[in-house]
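Undergrad: Each step along the sequence shown adds one to the number in the UniProt record's numbering, with nothing skipped, and position 35 is 35.
We put the beta carbon where it would ideally sit given N, CA and C, even for glycine.
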Amino acid sequence: MNHVIRAIRTDEWPAVKRLRLEALRDPLAPLAFLETYEDALAKPDFYWQERTSTAAAGAFQRQQFIAERPDGAWDGSVTVLVEEAGSEDFLGHVVESEQGHLVGVFVRPEQRGTGVAAALFEAAVDWCRKRGLDRVRLFVHEDNARAEAFYRKAGFVATGVTGPVPGGSGHREREMVLRWPSDPA
1 MNHVIRAIRT DEWPAVKRLR LEALRDPLAP LAFLETYEDA LAKPDFYWQE RTSTAAAGAF
61 QRQQFIAERP DGAWDGSVTV LVEEAGSEDF LGHVVESEQG HLVGVFVRPE QRGTGVAAAL
121 FEAAVDWCRK RGLDRVRLFV HEDNARAEAF YRKAGFVATG VTGPVPGGSG HREREMVLRW
181 PSDPA
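Here it is, written out as structure tokens:
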């Protein structure tokens, strides 16, 4: 792998938009994302500017990491959302402790299996640890076996918590978490 893994910058909103639209055109997008290509394409530029600025380097409640090639092209991305203890998650459950939630995982097809996803996850998890979060979680579609296998290899374990995929498809998403020992006081 010959990529730099880094947080996005506020002025990079056009590249954030391009990569997201590319991700939503991927044949696996219906298993990986809750948003459609058509919905994302219809969003105005100010949406992408705000989305980028709230997840750029230095942001506190979310951070988006990208895998950048030497020529400047982006080959993948993952975003961490910080969920506060006591808040309600998208399933209606109360979040028990401050945690990271990984979303928007995408690696270009030609880069899958090359270490790009592992490097993105390492950066995201490291950011969560440094931020002092208690754990990291994600949700995976029940039919996305390849993604689930990667998450297991990255150290995530299924919790048994499931929830319906929004939109009434009848499919479910499984929660997976990565925990680490608390630092000694």
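Which residue marks the beginning of the alpha helix (DSSP H) containing P164, and which one marks its end?
TA: Locating residue 164 in the sequence shown gives position 164, counting from the first residue. Where P164 is concerned, there is no enclosing alpha helix (DSSP H), although the beta strand (DSSP E) it sits in stretches over V157 to P164.
Undergrad: What are the boundary residues of the beta strand (DSSP E) that D89 is part of?
TA: For the purposes of this step, residue 89 is taken as the residue at position 89 of the sequence shown. Taken as a continuous stretch (DSSP letters only), D89 belongs to no beta strand (DSSP E), as it is neither H nor E.
Undergrad: Provide the residue span of the beta strand (DSSP E) that contains R20, from first to last.
TA: Counting from one through the sequence shown, the residue named residue 20 turns up at place 20. From DSSP, R20 is part of no beta strand (DSSP E) but of the alpha helix (DSSP H) over W13 to R25.
Undergrad: What does the alpha-carbon distance come out to for the pair E22 and E122?
TA: Numbered from 1 along the sequence shown, position 22 holds the residue referred to as residue 22. Numbered from 1 along the sequence shown, position 122 holds the residue referred to as residue 122. Near 23 Å, if we compare the C-alpha coordinates of E122 and E22.
Undergrad: Indicate whether V116 and A158 have their beta-carbon atoms separated by less than 8 Å.
TA: Residue numbering aside, residue 116 sits at position 116 when the sequence shown is read from its first letter. Residue numbering aside, residue 158 sits at position 158 when the sequence shown is read from its first letter. No, Cβ-Cβ distance for V116 and A158 is not below 8 Å.
Undergrad: Go to S53, then tell me how far its beta strand (DSSP E) extends in each direction, as first and last residue.
TA: Here the question's residue 53 lines up with position 53 in the sequence shown. Note, S53: premise wrong, no beta strand (DSSP E); alpha helix (DSSP H) at D45 to S53.
Undergrad: Is there a C-beta anywhere in chain E that falls below 8 Å from the one on D26?
TA: Although the question refers to chain E, the structure presented lacks it and comprises just one protein chain.
Undergrad: What residues match up with M176 in a beta bridge as DSSP calls it?
TA: Along the sequence shown, one-based indexing puts residue 176 at 176. For M176, which the question treats as bridged, DSSP gives the partners L138 and A158.
Undergrad: How do the stretch 126 to 146 and the stretch 167 to 179 stand: do at least 3 beta-carbon pairs fall below 8 Å, yes or no?
TA: yes
Undergrad: D75 by DSSP, collapsed to three states: which one?
TA: Counting from 1 along the sequence shown, the entry for residue 75 is found at position 75. Correct three-state label for D75: strand.
Undergrad: Mind reading off the beta-carbon distance from R62 to V82? Whole number of angstroms is fine, and I expect it under 8 Å.
TA: In the sequence shown, residue 62 corresponds to position 62, counting from 1. In the sequence shown, residue 82 corresponds to position 82, counting from 1. Right, their Cβ atoms sit about 6 Å apart.
Undergrad: Look at T52 and I5 and say whether their C-beta atoms are less than 8 Å apart.
TA: Numbered from its first residue, the sequence shown carries residue 52 at position 52. Numbered from its first residue, the sequence shown carries residue 5 at position 5. Contact: no.
Undergrad: Using CA coordinates, which residue listed in A56, D45 and G167 is at the minimum distance from W127?
TA: Numbered from 1 along the sequence shown, position 127 holds the residue referred to as residue 127. Of A56, D45 and G167, the residue nearest in Cα terms is A56.
Undergrad: DSSP on R62, reduced to helix/strand/coil?
TA: As a working note, residue 62 is residue 62 in the sequence shown. When secondary structure is reduced to three states using DSSP, R62 falls in the strand class.
Undergrad: Count the other C-beta atoms from every protein chain shown that fall within 10 angstroms of the C-beta of L41, then say buried if there are 16 or more, exposed otherwise.
TA: As a working mapping, residue 41 is identified with position 41 in the sequence shown. The residue in question, L41, is exposed, as its Cβ has fewer than 16 Cβ neighbours within 10 Å.
Undergrad: What residue does the beta strand (DSSP E) around Y106 start on, and which one ends it?
TA: Working through the sequence shown from its first residue, we reach residue 106 at position 106. Checking the sequence shown, residue 106 turns out to be Phe, not Tyr. Note, F106: beta strand (DSSP E), Q99 to V107.
Undergrad: If you reduce the DSSP assignment to three classes, tell me which class R69 lands in.
TA: On the sequence shown, position 69 is the one that residue 69 refers to. Looking at R69 - three-state DSSP - the assignment turns out to be coil, as it is neither helix nor strand.
Undergrad: If you count every other CB in all the chains shown that lies within 10 Å of the CB of E173, and 16 or more means buried, which is it?
TA: By 1-based counting over the sequence shown, the position of residue 173 is 173. Buried.
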